[in-house]
Amino acid sequence: MLALNFIREHPDLVRQGAERKGEPAPVDEILELDGQHRALLAEEESARSEMNSRAARGAGLSPGEREELGRLKGRIQELQQRRKQLSDRLSGLLLLVPNVPHESVPEGVSDDDNVVVRTWGEPPQFDFEPRTHYDLGEALGIFDFERAVKIAGSRFAMLRGVGARLERALSWFMLDLATKEHGYLEISPPYLVSRDCMVGTANLPKFEEDAFHVVEGDRFLVPTAEVPLTNLYRDEILDAERLPIRHVAWTPCWRSEAGAPGKDTRGYIRLHQFSKVELVKFVRPEGSLEELESLVGDAESVLQRLGLHYRVRLMCVGDMGFAQWKKYDIDAWAPGLQRYLEVSSCSVFGDFQARRANVRFRAPGGRPEFVHTLNGSGLALPRTFDCLLESYQTAAGGIVVPEPLRPYMEGLEEIPGPGE
RNA sequence: GGGGAGGUGGCUGAGUGGUCGAAAGCGCCCGCCUGCUAAGCGGGUGACGGGGGUCAACCUCGUCCGAGGGUUCGAAUCCCUCCCUUCCCGCCA
Numbered sequence: 405m406l407a408l409n410f411i412r413e414h415p416d417l418v419r420q421g422a423e424r425k426g427e428p429a430p431v432d433e434i435l436e437l438d439g440q441h442r443a444l445l446a447e448e449e450s451a452r453s454e455m456n457s458r459a460a461r462g463a464g465l466s467p468g469e470r471e472e473l474g475r476l477k478g479r480i481q482e483l484q485q486r487r488k489q490l491s492d493r494l495s496g497l498l499l500l501v502p503n504v505p506h507e508s509v510p511e512g513v514s515d516d517d518n519v520v521v522r523t524w525g526e527p528p529q530f531d532f533e534p535r536t537h538y539d540l541g542e543a544l545g546i547f548d549f550e551r552a553v554k555i556a557g558s559r560f561a562m563l564r565g566v567g568a569r570l571e572r573a574l575s576w577f578m579l580d581l582a583t584k585e586h587g588y589l590e591i592s593p594p595y596l597v598s599r600d601c602m603v604g605t606a607n608l609p610k611f612e613e614d615a616f617h618v619v620e621g622d623r624f625l626v627p628t629a630e631v632p633l634t635n636l637y638r639d640e641i642l643d644a645e646r647l648p649i650r651h652v653a654w655t656p657c658w659r660s661e662a663g664a665p666g667k668d669t670r671g672y673i674r675l676h677q678f679s680k681v682e683l684v685k686f687v688r689p690e691g692s693l694e695e696l697e698s699l700v701g702d703a704e705s706v707l708q709r710l711g712l713h714y715r716v717r718l719m720c721v722g723d724m725g726f727a728q729w730k731k732y733d734i735d736a737w738a739p740g741l742q743r744y745l746e747v748s749s750c751s752v753f754g755d756f757q758a759r760r761a762n763v764r765f766r767a768p769g770g771r772p773e774f775v776h777t778l779n780g781s782g783l784a785l786p787r788t789f790d791c792l793l794e795s796y797q798t799a800a801g802g803i804v805v806p807e808p809l810r811p812y813m814e815g816l817e818e819i820p821g822p823g824e
């Protein structure tokens, strides 16, 4: 969330930011409530001050004085009650104000306005008509969509045999890259989190319908490892020397993805459950934008090693989301589908999440300050898997295993086609 | 699930109704000393919020001792509810 202070001092900036993001922001109501709240606070505090100084005489108070103090106390309680109502409403409203985009974020309202900042590699060329991952995979018997639906319902998918193995190999490869080469510490977090954690990352209160809620214990299935990881140090004050902190986690992710399936969701694309390797960083405020660039680089290196063509897009202000300060998407090319699939989304939040989750740091001799948080997929497994199948398919319908994955596949160089 | 113990400042840990925002130690900051470093010595050092202000480092007020209620003129200290930690027993992958 934004600091109330900041909203007081820059209401126009906040209003404009929200408007450009296409989000409502109750700025006027906040300012109004804040004014009332402060007036009541002043009144309550001076009453308390009087009470404290008079009660300090302690046992020597006469019965008349005690009665008077009793009345004063009654007044304080009344003021306090009114003030608390205001302050509860105020903190509820503050959670609804979106983050203000960074000035380097391009204007725009939709996906069309996002800016391609670079591409890497070339789309692979085939001397045959490239197939889609679902055609390839079903022929190879490595997808089983029907039975997944049978046991869990629509929007669930299942991998079998060498397919399951290949996705696992991808996960291990990504984790090893992050931990061994990019300095991330691996975490295996809980897959259920408290309501507070969801508020901390700004998945709540605005986007509750996107998440799976577990009634027992009022917990949520993690929509991404961002949630447990970003909340790892909630309510803590970290020593400055510990920063930057980099964490990586493989987890399943659950999303309700309300809405009807369409042609864009055919295949192993848009599921209620999928797995993802997530990168999360906690950094000092200065330089957090550069940290975003290096985070994107970390995610890109996965695709580079795998030899998959991709593009990096800077999200425009209207397409970047409620909590983000600045955000890039990485889309890998799927030759069978003939389109890019979003395999990563990398964002910097400024102190927006850190305020919600109360994650601070302290330099020696200094006061506590909020950290800046970042996260990015490194990468989402199903879509990376799809692009890999489609990019490395052979004329016979087999799949060449990219070099870096072979150590995780017992040296297997190719999944032979159905007829081979 | 049953029973016991406990949750205090960045950390460890005293404190059972007013003089406690809270002893002590660690850490951190400033200085001294030691020809470097370590050790030693002296001083300082909580968070959050309101108001003031010759406006970052100053003054002032308030709140905060797991969270929320209650008792009382007055609560870290007493009562209730919840959360969490830990130990013993039971159950279980």
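Numbering (the numbering used here), first residue to last: 405 to 824. Idealized CB from N, CA, C, for every residue including glycine.
Verify whether the separation of the beta carbon atoms of residue i and residue j is less than 8 Å.
{"i": "arginine 599", "j": "leucine 675", "result": "no"}
{"i": "arginine 759", "j": "phenylalanine 774", "result": "yes"}
{"i": "valine 716", "j": "valine 521", "result": "yes"}
{"i": "proline 502", "j": "glutamate 427", "result": "yes"}
{"i": "leucine 785", "j": "lysine 685", "result": "no"}
{"i": "glycine 587", "j": "arginine 638", "result": "no"}
{"i": "glutamine 708", "j": "arginine 535", "result": "no"}
{"i": "lysine 730", "j": "serine 491", "result": "no"}
{"i": "threonine 634", "j": "threonine 777", "result": "yes"}
{"i": "phenylalanine 616", "j": "serine 575", "result": "no"}
{"i": "arginine 493", "j": "leucine 444", "result": "no"}
{"i": "glycine 780", "j": "leucine 693", "result": "no"}
{"i": "leucine 696", "j": "cysteine 750", "result": "yes"}
{"i": "glutamate 571", "j": "leucine 563", "result": "yes"}
{"i": "valine 805", "j": "leucine 816", "result": "yes"}
{"i": "serine 705", "j": "leucine 581", "result": "yes"}
{"i": "phenylalanine 765", "j": "leucine 636", "result": "no"}
{"i": "leucine 540", "j": "alanine 429", "result": "no"}
Under a three-way DSSP split, which group does residue i fall into?
{"i": "glutamate 746", "result": "strand"}
{"i": "valine 519", "result": "strand"}
{"i": "isoleucine 546", "result": "coil"}
{"i": "aspartate 600", "result": "helix"}
{"i": "valine 418", "result": "helix"}
{"i": "glutamine 797", "result": "strand"}
{"i": "tyrosine 538", "result": "helix"}
{"i": "aspartate 755", "result": "coil"}
{"i": "glutamine 677", "result": "strand"}
{"i": "glutamate 682", "result": "strand"}
{"i": "proline 739", "result": "coil"}
{"i": "alanine 460", "result": "coil"}
{"i": "asparagine 409", "result": "helix"}
{"i": "glycine 782", "result": "strand"}
{"i": "phenylalanine 624", "result": "strand"}
{"i": "lysine 425", "result": "helix"}
Buried or exposed, going by whether 16 or more other CB atoms sit within 10 Å of the CB of residue i?
{"i": "proline 627", "result": "buried"}
{"i": "valine 631", "result": "buried"}
{"i": "glycine 496", "result": "exposed"}
{"i": "serine 592", "result": "exposed"}
{"i": "isoleucine 803", "result": "buried"}
{"i": "alanine 800", "result": "exposed"}
{"i": "glutamine 728", "result": "buried"}
{"i": "proline 505", "result": "buried"}
{"i": "valine 827", "result": "Here the chain covers residues 405 to 824 and nothing more, so residue 827 does not appear."}
{"i": "arginine 424", "result": "buried"}
{"i": "glutamine 757", "result": "buried"}
{"i": "valine 418", "result": "buried"}
{"i": "leucine 712", "result": "buried"}
Among the candidates the options, whose CA atom is the shortest distance from the CA of residue i?
{"i": "valine 566", "options": "Ala543, Leu579, Ile434, Asn607", "result": "Ala543"}
{"i": "isoleucine 434", "options": "Glu469, Glu413, Glu824", "result": "Glu413"}
{"i": "tyrosine 538", "options": "Glu640, Ala561, Asp755, Ser660", "result": "Ala561"}
{"i": "methionine 813", "options": "Arg551, Phe577, Val504, Gly439", "result": "Phe577"}
{"i": "aspartate 515", "options": "Asp733, Ala459, Val652", "result": "Asp733"}
{"i": "aspartate 702", "options": "Leu683, Pro689, Leu710, Gly711", "result": "Leu683"}
{"i": "glutamate 436", "options": "Ile591, Leu408, Ala422, Arg452", "result": "Leu408"}
{"i": "glycine 525", "options": "Leu579, Ala736, Leu483, Gly782", "result": "Ala736"}
{"i": "alanine 629", "options": "Leu793, Leu596, Val700", "result": "Leu596"}
{"i": "alanine 552", "options": "Arg569, Phe678, Phe611, Glu694", "result": "Phe678"}
{"i": "threonine 655", "options": "Gly782, Gly691, Leu816", "result": "Gly782"}
{"i": "phenylalanine 789", "options": "Phe765, Leu500, Pro594, Pro739", "result": "Pro739"}
{"i": "asparagine 762", "options": "Glu640, Leu809, Asp531, Arg670", "result": "Glu640"}
{"i": "arginine 688", "options": "Gly557, Glu645, Ala429", "result": "Glu645"}
{"i": "phenylalanine 532", "options": "Pro808, Glu807, Ser795, Phe549", "result": "Ser795"}
{"i": "methionine 719", "options": "Pro594, Gly545, Val519", "result": "Val519"}
{"i": "threonine 583", "options": "Ala653, Lys610, Ile555, Val618", "result": "Ala653"}
Per the contact definition of three or more C-beta pairs closer than 8 Å, is the stretch 636-650 in contact with the stretch 605-620? no
Can you find at least 3 beta carbon pairs, one from the stretch 436-454 and one from the stretch 471-481, that sit closer than 8 Å? yes
Pairing CB atoms from the stretch 814-821 with CB atoms from the stretch 719-739, are three or more of them under 8 Å? no
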